[in-house]
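Just so you know, the protein sequences line up as chains A and B, in that order.
First residue of the first sequence: 379, per this note's numbering; consecutive thereafter.
First residue of the second sequence: 379, per this note's numbering; consecutive thereafter.
Beta carbons are placed, not taken as given, at the ideal position from N, Cα and C, and that holds for glycine.
Since this is a predicted model, take the numbers as computed values, not measurements.
Number of protein chains: 2
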Amino acid sequence: MEYSSMNKAQLQAEYDAVAKDFEALKAKGLKLDMSRGKPSKAQLDLVSGVLTALTTPEECAVEGTDARNYGELAGLPCARRYFAEILGCKPEECFMGGNASLTLMYDTISKAYTHGLLHSEKPWAKLDKVKFLCPAPGYDRHFKISQSFGMEMITIEMTENGPDMDAVEEAVKDPAVKGMWCVPKYSNPEGVIYSDETIRRIAALKPAAPDFLLMWDNAYCIHEFDGDFVPFPDIISLCREAGNPDMVFEYASTSKVTFPGAGISVMASSVDNIKYMLGLLGIQTISYDKVNQLRHVRFLKDKATTLELMKKHAAIMKPKFDAVVSALDKEIAPLGIAQWKRPKGGYFVSVDTMDGLAKRTLALCKEVGVVMTGAGATFPYGVDPRDRNIRIAPSLPPVEELEQAIAVFCTCLKLAALEKLLAA
Amino acid sequence: MEYSSMNKAQLQAEYDAVAKDFEALKAKGLKLDMSRGKPSKAQLDLVSGVLTALTTPEECAVEGTDARNYGELAGLPCARRYFAEILGCKPEECFMGGNASLTLMYDTISKAYTHGLLHSEKPWAKLDKVKFLCPAPGYDRHFKISQSFGMEMITIEMTENGPDMDAVEEAVKDPAVKGMWCVPKYSNPEGVIYSDETIRRIAALKPAAPDFLLMWDNAYCIHEFDGDFVPFPDIISLCREAGNPDMVFEYASTSKVTFPGAGISVMASSVDNIKYMLGLLGIQTISYDKVNQLRHVRFLKDKATTLELMKKHAAIMKPKFDAVVSALDKEIAPLGIAQWKRPKGGYFVSVDTMDGLAKRTLALCKEVGVVMTGAGATFPYGVDPRDRNIRIAPSLPPVEELEQAIAVFCTCLKLAALEKLLAA
Numbered sequence: 379m380e381y382s383s384m385n386k387a388q389l390q391a392e393y394d395a396v397a398k399d400f401e402a403l404k405a406k407g408l409k410l411d412m413s414r415g416k417p418s419k420a421q422l423d424l425v426s427g428v429l430t431a432l433t434t435p436e437e438c439a440v441e442g443t444d445a446r447n448y449g450e451l452a453g454l455p456c457a458r459r460y461f462a463e464i465l466g467c468k469p470e471e472c473f474m475g476g477n478a479s480l481t482l483m484y485d486t487i488s489k490a491y492t493h494g495l496l497h498s499e500k501p502w503a504k505l506d507k508v509k510f511l512c513p514a515p516g517y518d519r520h521f522k523i524s525q526s527f528g529m530e531m532i533t534i535e536m537t538e539n540g541p542d543m544d545a546v547e548e549a550v551k552d553p554a555v556k557g558m559w560c561v562p563k564y565s566n567p568e569g570v571i572y573s574d575e576t577i578r579r580i581a582a583l584k585p586a587a588p589d590f591l592l593m594w595d596n597a598y599c600i601h602e603f604d605g606d607f608v609p610f611p612d613i614i615s616l617c618r619e620a621g622n623p624d625m626v627f628e629y630a631s632t633s634k635v636t637f638p639g640a641g642i643s644v645m646a647s648s649v650d651n652i653k654y655m656l657g658l659l660g661i662q663t664i665s666y667d668k669v670n671q672l673r674h675v676r677f678l679k680d681k682a683t684t685l686e687l688m689k690k691h692a693a694i695m696k697p698k699f700d701a702v703v704s705a706l707d708k709e710i711a712p713l714g715i716a717q718w719k720r721p722k723g724g725y726f727v728s729v730d731t732m733d734g735l736a737k738r739t740l741a742l743c744k745e746v747g748v749v750m751t752g753a754g755a756t757f758p759y760g761v762d763p764r765d766r767n768i769r770i771a772p773s774l775p776p777v778e779e780l781e782q783a784i785a786v787f788c789t790c791l792k793l794a795a796l797e798k799l800l801a802a
Numbered sequence: 379m380e381y382s383s384m385n386k387a388q389l390q391a392e393y394d395a396v397a398k399d400f401e402a403l404k405a406k407g408l409k410l411d412m413s414r415g416k417p418s419k420a421q422l423d424l425v426s427g428v429l430t431a432l433t434t435p436e437e438c439a440v441e442g443t444d445a446r447n448y449g450e451l452a453g454l455p456c457a458r459r460y461f462a463e464i465l466g467c468k469p470e471e472c473f474m475g476g477n478a479s480l481t482l483m484y485d486t487i488s489k490a491y492t493h494g495l496l497h498s499e500k501p502w503a504k505l506d507k508v509k510f511l512c513p514a515p516g517y518d519r520h521f522k523i524s525q526s527f528g529m530e531m532i533t534i535e536m537t538e539n540g541p542d543m544d545a546v547e548e549a550v551k552d553p554a555v556k557g558m559w560c561v562p563k564y565s566n567p568e569g570v571i572y573s574d575e576t577i578r579r580i581a582a583l584k585p586a587a588p589d590f591l592l593m594w595d596n597a598y599c600i601h602e603f604d605g606d607f608v609p610f611p612d613i614i615s616l617c618r619e620a621g622n623p624d625m626v627f628e629y630a631s632t633s634k635v636t637f638p639g640a641g642i643s644v645m646a647s648s649v650d651n652i653k654y655m656l657g658l659l660g661i662q663t664i665s666y667d668k669v670n671q672l673r674h675v676r677f678l679k680d681k682a683t684t685l686e687l688m689k690k691h692a693a694i695m696k697p698k699f700d701a702v703v704s705a706l707d708k709e710i711a712p713l714g715i716a717q718w719k720r721p722k723g724g725y726f727v728s729v730d731t732m733d734g735l736a737k738r739t740l741a742l743c744k745e746v747g748v749v750m751t752g753a754g755a756t757f758p759y760g761v762d763p764r765d766r767n768i769r770i771a772p773s774l775p776p777v778e779e780l781e782q783a784i785a786v787f788c789t790c791l792k793l794a795a796l797e798k799l800l801a802a
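Put into structure tokens, the structure is as follows:
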């Protein structure tokens, strides 16, 4: 029976029962973590071959380059070819970074501020106001970069097909709007795949700002956990074809393919953009870690081999997502107090509660010893205007712990809803 | 006989002979590189143990952390302890970077511009003028960072004991002077070790700028190639004791200990500075590559083990420096056309020619197929006011190639001198 159909007495009876469950869970002294999209130990153990991919000096030589020594600012050619195949772009459009694509993203924004982008009239630090479009719910670390640089973040509503493009097309008429964050495949946290129509409209934007920066974080480009690999279009080609050749910077990494703490990353953009950025990047490094690039190329080989590996990750991930969704289906769906997405890839399950329950639910979870991403984190400035979005990250705990954690979550969500309905 | 004592006929005869040598060398079609401080293959082959230091999941676990996964923004505690021992500072003063300390240096400057430092009144991007002290001859990549950010670089003369401290103390009275580049041990390119007195005066500076940034690039802190390890003082303690606790950021790396393209780096500063920077760095990364940190700690172990390794590097490096200096002693010293330092560590030999010969000498070298660091590179804006400083980097070529290369250099230097003297 839906809570909204219950009368006061029924709600009170349900509250008493759920409160009892809550106290019982609390007494267990749990310590569980569903806060971040961290791969599990079992996943990391799949890729130990990275550790032994290079063991001798001879193996460190590749195409006339000694990966151990200085040089090759843009990265090893074989690494650029590897990521070009994954992303469907050209090797010369790829710049190889270190273990964090986040650092490459930050660096792009930072250079926009200190030096300006290829088509900037001046560095953004010299502007009175920089606005950035933030489809939300979205990735908290994107929003924190924007916030750190003092940008004015404009929330764009997410739909089932990606950002609300009517709103985006309207917003970019403002020359102070300098860019947009996007996670086009298995968006963080909702797991939405931008539709072809959405992507086409994004590539064809006509922003007033000549240096509009489309931040295309393709973090989950090959990260299906349910079903076969879903092809995605090359945003760099699409932007070029739409007359915006230098509008997009795309990012990806092996953080959730090999090791989160020791993978490799890529920044892909037009040849002109890469050339411009190399001029600036050459001041700050002689190259990112090429030995690790070569380890990865030797181990991951190519797209086909990598997709095989992703199937093994999927086999570990799927039961966890199933556990979360089936608990929600069983425990919460009948009560009508929340809705959730059923992603087929990525790292998160996004739950929208009745308005005003997210903070309270997570506070209750914390009381019981279950840590989750903070309420509001998926919105600009950490403020969810309806206080309803909760990001569940099921990847790290083993299934048995996860089942406990999601049971706690369901109990806390019910309790929060009952508190609210009883107070109404 | 010194060239300056020769009469016109003698000079012409010498010119004819040297020009003949030059043509003969040119005919050889050489292709030799003394341009950058790159370790040689023999040195890289010394440290293959890094490649096999971690081969299993179990080995990636350390002090409760899985080095493969996300986390530990400041770096693995064992890596921070390792570098604290090398630098003589505290582990909590160390932040672990990726394979390039240059990137950490750039990032510090960049953050000064975008966010300001701990004691900045405002981000440097908001200032009309930022001046930086550049002891010269110095490291070209330092000067390029300053130039990239549009700083006004103020040249400070280098003495045998480090920067001319009278000039430095005078210069820092200007509040627009925001910092200084230093390579305190085996300075690039001269191989000068700053004297205790110089270091004491630096630590005790009273800059007008509250956020004066002492960039202490300790790149060659353990890089003796001739003789035993030379202890150096902990600049962080010295600054603290002198009442400047947050003035200095120190940098070091394993680029010339293990692999230039795949080492680890450190930024060390006061606990308050590190705390402040972690607040900013946490926006751009979740940590630098911890697996590589752990590989290095397992392989290098501690200072004593590392110093043993540096002895092996020295055994490869010393014959190369000897070849350079003995060729100069034999071929150039009697002619009185140049002077040079005799470093006991670091990666360079610095030659000062008669005024006005550096560019021409290097152009001649290039004609013969010997690439060297561009003339002027060791000065701000790439302009050597006396056109005389030449940086020789003997580390990369094998000794037999190096002997050829330095012979070319001597011939070209003679030819340049003779051209000039004959034209006078």
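Just the C-alpha distance for residue i and residue j, rounded to the nearest angstrom, thanks.
i	j	result
Ala-582 of chain A	Ala-640 of chain A	36 Å
Ala-753 of chain B	Cys-472 of chain B	36 Å
Arg-459 of chain A	Thr-663 of chain A	21 Å
Thr-683 of chain A	Ser-524 of chain A	36 Å
Cys-599 of chain A	Thr-537 of chain A	19 Å
Lys-696 of chain B	Ser-728 of chain B	16 Å
Arg-676 of chain B	Thr-434 of chain B	13 Å
Tyr-629 of chain A	Tyr-393 of chain A	47 Å
Leu-659 of chain A	Asp-595 of chain B	19 Å
Asp-423 of chain B	Pro-513 of chain B	35 Å
Leu-678 of chain B	Ser-488 of chain B	31 Å
Leu-429 of chain B	Asn-670 of chain B	9 Å
Ala-771 of chain B	Gly-734 of chain B	21 Å
His-493 of chain A	Tyr-491 of chain B	11 Å
Chain A partners of residue i, CB-CB under 7 Å?
i	result
Ser-665 of chain B	Gly-639
Arg-769 of chain B	Those within 7 Å of Arg-769 of chain B in chain A number zero; the least Cβ separation is about 16 Å.
Phe-527 of chain B	Thr-492
Gln-662 of chain B	Leu-480, Thr-481, Tyr-484
In chain B, which residues lie less than 9 Å from residue i when you measure between Cβ atoms?
i	result
Ala-445 of chain A	Phe-637, Gly-639, Ala-640
Exposed or buried, what is residue i when buried is set at 16 or more other beta-carbons lying within 10 Å of its beta-carbon?
i	result
Gln-421 of chain A	buried
Ser-382 of chain B	exposed
Asn-447 of chain A	buried
Met-379 of chain B	exposed
Ser-565 of chain A	buried
Lys-406 of chain B	exposed
Glu-568 of chain A	buried
Lys-719 of chain A	buried
Lys-355 of chain A	Nothing can be reported for residue 355 of chain A, as the shown portion of chain A is limited to 379 through 802.
Leu-706 of chain A	buried
Tyr-759 of chain B	exposed
Along chain B, in chain order, which residues have C-beta atoms closer than 8 Å to that of residue i?
i	result
Asp-423 of chain A	Pro-435
Ser-773 of chain A	Within chain B, no residue comes near Ser-773 of chain A; the closest Cβ sits about 11 Å away, beyond 8 Å.
Using a Cβ cut-off of 8 Å, pull out every chain A residue sitting near residue i, in sequence order please.
i	result
Ser-426 of chain B	Thr-433, Thr-434, Pro-435
Could you list which residues in chain B have their beta carbon closer than 7 Å to that of residue i, in chain order?
i	result
Ser-488 of chain A	Ser-488, Thr-492
In chain A, which residues lie less than 9 Å from residue i when you measure between Cβ atoms?
i	result
Thr-756 of chain B	What Thr-756 of chain B touches in chain A: nothing, since even the nearest Cβ is about 17 Å away.
| task | Scan the stretch 667-688 of chain B for residues whose Cβ lies nearer than 7 Å to a Cβ of chain A and list them as they occur along the chain. | result | Asp-667, Lys-668, Val-669, Asn-670
| request: Identify each residue in the stretch 501-525 of chain B for which the Cβ-Cβ distance to at least one residue of chain A is less than 8 Å, and report them in chain order. | output: Pro-501, Ala-503, Lys-504, Arg-519, Lys-522, Ile-523
| query | Taking a cut of 9 Å between CB atoms, which residues from the stretch 447-466 of chain A lie near chain B? | reply | Asn-447, Tyr-448, Gly-449, Glu-450
| Runs of alpha helix (DSSP H) wholly within the stretch 463-492 of chain A (minimum 4 residues, chain order) | For the stretch 463-492 of chain A, whole alpha helix (DSSP H) runs of length 4 or above, ordered along the chain, are 479-492.
| request: Compile a chain-ordered list of the residues in the stretch 386-401 of chain B whose CB is closer than 7 Å to at least one CB of chain A. | output: Taking 7 Å as the Cβ-Cβ cut-off against chain A, none of the residues of the stretch 386-401 of chain B qualify.
| task | Kindly provide the ranges of any alpha helix (DSSP H) runs that are 4 or more residues long and lie completely inside the stretch 652-719 of chain A, ordered along the chain. | result | 668-678, 681-705
| query | Residues in the stretch 408-420 of chain B with C-beta within 8 Å of chain A's C-beta atoms, listed in sequence order? | reply | Arg-414, Lys-416, Pro-417, Lys-419
| request: Let me know the alpha helix (DSSP H) ranges lying completely inside the stretch 516-600 of chain B, each 4 residues or longer, listed in chain order. | output: 518-526, 543-549, 574-581
| field | Continuous beta strand (DSSP E) assignments of at least 3 residues falling wholly in the stretch 393-436 of chain A | value | Those beta strand (DSSP E) runs which fall completely within the stretch 393-436 of chain A and span 3+ residues are 410-412.
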